[in-house]
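Numbering (our numbering), first residue to last: 37 to 234.
By construction, the Cβ of each residue, glycine as well, lies at the ideal position given by its N, Cα and C atoms.
No experiment lies behind these values; they were computed from the predicted model shown.
Let me begin by presenting the structure, written as structure tokens, before commenting on it.
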């Protein structure tokens, strides 16, 4: 590993350690900073898991309550985002167990509406906006038709930018299963990426 990579790894470890200490102290400034940093990613992830904005918002609030309550359990060995998304995922799973639906898909909006896209802060051109909107609509349509475990894995990988190891930690699936879900999810999504309909 070269010097720059070593510095980056140490900086990330220091940041995770700082977050762990701040959570143990229940530092309100740290919590505000974390919410600001992760709010859009977390809400988007929950929207894709539940398919409903109202449920996603409830889980979003509950996730941050759990972070505050159980902050002392975060030890800084893994990325904070991995720990945060694991909490959110477990809340959704607990809800599913109580409600006993067949899968994540049963939480989807009965009107079949696609999850929202959180707007970017930069101002792209009108053409770029239109193209991006059309692509997002195609992908959202496809995401609603693939299995929930593929959808979750694809969201964590491509929208949240998590590594395969982080996805394995969040989902509790072996690394090989994560790789397989990404491959199969992308294969199932191909017709929508090409603009075709099944």
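When the five nearest sequence neighbours on each side are left out, the beta carbons in the same chain lying within less than 7 Å of the beta carbon of residue 124 are those of 78, 81, 82, 95, 99, in order along the chain. Taking a C-beta distance under 8 Å as the contact criterion, residue 202 and residue 118 qualify as a contact pair. Following the DSSP letters along the chain, one finds residue 83 inside the alpha helix (DSSP H) bounded by residues 64–86. Sorting 197, 187, 206 by C-alpha distance to the C-alpha of residue 218 places 187 at the top. By the Cβ test, the stretch 223–230 is in contact with the stretch 171–179, since at least three Cβ pairs between them sit closer than 8 Å. Burial state of residue 127 is buried, judged by a 10 Å Cβ sphere holding 16 or more other Cβ atoms. In terms of Cβ geometry, residue 121 and residue 206 form a close pair [threshold 8 Å]. Going by DSSP, residue 179 is part of the alpha helix (DSSP H) stretching over 162–179. Here DSSP, grouped into helix, strand and coil, assigns residue 111 to coil. Comparing alpha carbon positions, the residue from 200, 105, 213 closest to residue 56 is 105. The C-beta of residue 196 has 16 or more other C-beta atoms within 10 Å across all chains shown, which makes the residue buried. Minimum Cα-Cα distance from residue 70 among the listed residues 107, 92, 185, 93 corresponds to 107. Between the alpha carbons of residue 189 and residue 216 lies a distance of about 10 Å.
Counting along the chain, the unbroken alpha helix (DSSP H) around residue 220 starts and ends at 211–229.
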